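Residue numbers (my numbering): 402 to 455.
Backbone N, C-alpha and C define an ideal beta-carbon position, used for all residues, glycine too.
Note that the structure is predicted; figures quoted are calculated from it, not measured.
First the structure, in the form of structure tokens, and then the observations on it.
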């Protein structure tokens with residue numbers, strides 16, 4: 402996990418989930434396969450929450 406402080410002094414805790422070399426099954430993956438664009442789709446996600454101090 403990492404944190405990010407923005408220029409307006411907001412702080413976020415975030416986690417990146419990289420799915421490199423781990424194809425996923427989804428409507429988007431099925432659509433791209435049907436179009437013949439890709440054999441498989443890999444997705445990555447970033448999860449984050451704003452942290453406030455009281």
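- Which residues in the same chain as residue 419 place their Cβ atom closer than 8 Å to its Cβ, once the five residues preceding and following it in sequence are excluded? Cβ contact annotation for residue 419 (same chain, cutoff 8 Å, sequence separation greater than five): 445, in chain order.
- Message: By alpha-carbon positions, which one of 406, 421, 403, 413 ends up nearest to residue 452?
- Response: Residue 452 has its Cα closest to that of 413, out of 406, 421, 403, 413.
- Task: Grab the span of the beta strand (DSSP E) containing residue 443 for me, first residue to last.
- Result: Residues 442-452.
- Task: Keeping to the same chain, check which residues put their C-beta closer than 7 Å to that of residue 439; ignore five residues upstream and five downstream.
- Result: Answer for residue 439: 433, listed in chain order.
- Between the Cα of residue 423 and those of 449, 431, 442, 435, spot the shortest distance and give me the residue it belongs to. The residue from 449, 431, 442, 435 with its alpha-carbon nearest to that of residue 423 is 442.
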